[in-house]
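Residue numbers (my numbering): 933 to 1259. All C-beta atoms in this analysis are idealised placements derived from N, C-alpha and C, irrespective of residue type, glycine included. Data block below; observations after.
In structure tokens:
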């Protein structure tokens, strides 16, 4: 069964599955993106604030997180805006309650040295790997559209980040649009053709987000309020002194351990995204993000990645818990 089909199956089960809040704690899905909140995660700040044991589970892609959330196995998960748009379009009962980053240079399209790719037109006939229905998949398709390169003439392979790194090492692919730690591995013997910072300027911004199952959110509002508060505090620390935060050896070590990135990559990548304050997010988690999700969904439909669209994506975005944390 393909991964999109698997996600659709889990979505159909989601309406009858209960939220996963086991007696031994709350299971939370996270990914390997580099951001300041990994420091709070490593320090146990979320557990201290919520008073709950948290079982952190690492996933390689948003599609995998969506499948776990849809099944009821995981109530809270970290995904990108493209997986959110796909899941919402299929009716998964979730809400976005926090933004962990406006994606910039931390996600990039890298082409292999010696691949013969020096400009966008050279991508025709080449093998480019990307995790399907991820933010990088969306950014790759948007970049090809911007460059007026027919995506049908590019061999786009669906690989997870770890599979991308292995395929790159074997010489099986000509390029990849991916995030850390795979990004650092491919960039060592390749060059960046574009990044999500540039693609965002072309009208296709992407975000890293936290989502929650609606049934869990209804029963655990204080947990989510405290979760938001912890994230807001560590973002505030970063934004007050980005260079100091990124050069702090303890911070870098904690992020590297959780993400699998090299310390020097962490230092370079932290400035690659923007980390909105809670005050900024209370506005972002309204019409701006609703529009971005709707635009992303419409684009995915035009590419045949989703079958239908929601009449409105407003129900899938909430600033309720940010507003509670700000009070």
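{"Query": "Residue 1092 at chain D interface by Cβ criterion, 8 Å", "Result": "Checking the listed chains, one finds no chain D in this structure; it contains a single protein chain."}
{"Query": "Three-state class that DSSP yields for residue 1134 in the structure shown", "Result": "coil"}
{"Query": "Anticipated Cβ contact below 8 Å, residue 1052 with residue 1081, distance rounded", "Result": "6 Å"}
{"Query": "Residue burial classification, residue 1208 (beta-carbon count within 10 angstroms, cutoff 16)", "Result": "buried"}
{"Query": "Test item: CB-CB of residue 1187 and residue 1009 under 8 Å", "Result": "no"}
{"Query": "Boundaries of the beta strand (DSSP E) in which residue 1253 is found, first to last residue", "Result": "Here residue 1253 belongs to no beta strand (DSSP E); instead the alpha helix (DSSP H) covers 1252-1258."}
{"Query": "Residues near residue 1200 in its chain [Cβ-Cβ closer than 6 Å; skip 5 each side]", "Result": "none"}
{"Query": "CB-CB length for residue 1169 against residue 1159, believed under 8 Å", "Result": "17 Å between Cβ atoms; not a contact."}
{"Query": "Where the alpha helix (DSSP H) containing residue 1183 begins and where it ends", "Result": "1181-1191"}
{"Query": "Environment of residue 993 [buried if 16+ CB atoms lie within 10 Å]", "Result": "buried"}
{"Query": "Helix, strand or coil at residue 1169 [DSSP, three-state]", "Result": "helix"}
{"Query": "Bridge-paired residues (DSSP) for residue 961", "Result": "989, 1009"}
{"Query": "Separation of residue 1020 from residue 1231, as counted between CA atoms", "Result": "14 Å"}
{"Query": "Three or more C-beta pairs below 8 Å linking the segment 1117-1136 and the segment 983-1000", "Result": "no"}
{"Query": "Residue 1041 and residue 1028 closer than 8 Å at C-beta", "Result": "no"}
{"Query": "Between the CA atoms of residue 1173 and residue 1026 - distance to the nearest angstrom", "Result": "34 Å"}
{"Query": "Sufficient close CB pairs (3 or more, under 8 Å) joining the segment 1082-1097 to the segment 1129-1148", "Result": "no"}
{"Query": "Residue range of the alpha helix (DSSP H) that includes residue 1059", "Result": "Residue 1059 -> not in any alpha helix (DSSP H); beta strand (DSSP E) instead, spanning 1059-1062."}
{"Query": "Residue 1105 beta carbon less than 8 Å from that of residue 1059", "Result": "yes"}
{"Query": "Straight-line gap, residue 1064 to residue 1087 (C-alpha atoms, nearest Å)", "Result": "13 Å"}
{"Query": "Per DSSP, cross-strand counterpart(s) of residue 1127", "Result": "1040"}
{"Query": "Bounding residues of the beta strand (DSSP E) (the contiguous stretch that carries residue 1028)", "Result": "1026-1034"}
{"Query": "Distance CB(residue 1007)-CB(residue 1043) smaller than 8 Å", "Result": "no"}
{"Query": "Environment of residue 1045 [buried if 16+ CB atoms lie within 10 Å]", "Result": "exposed"}
{"Query": "Nonlocal neighbours in the same chain, by C-beta distance under 7 Å from residue 1069, ignoring five residues either side", "Result": "1014, 1062, 1063"}
{"Query": "Close Cβ partners of residue 1216 (< 7 Å) along its chain, the five nearest in sequence each way excluded", "Result": "1031, 1208"}
{"Query": "Of the residues 1205, 1048, 1235, the one placed nearest residue 1137, counting alpha carbons only", "Result": "1205"}
{"Query": "Supposed close pair residue 1191, residue 969 - CB separation, criterion 8 Å", "Result": "Rounded, the Cβ-Cβ distance is 11 Å, inconsistent with contact."}
{"Query": "Beta strand (DSSP E) segment containing residue 1140, residue limits", "Result": "1139-1145"}
{"Query": "Residue 1092 burial status per 10 Å Cβ neighbour count (16 or more: buried)", "Result": "buried"}
{"Query": "Proximal residues to residue 1211 (C-beta, below 8 Å), its chain only, five neighbours per side dropped", "Result": "1258"}
{"Query": "Cβ distance (whole Å) where residue 1066 is taken to contact residue 1131 below 8 Å", "Result": "About 13 Å separates the two Cβ atoms, so there is no contact after all."}
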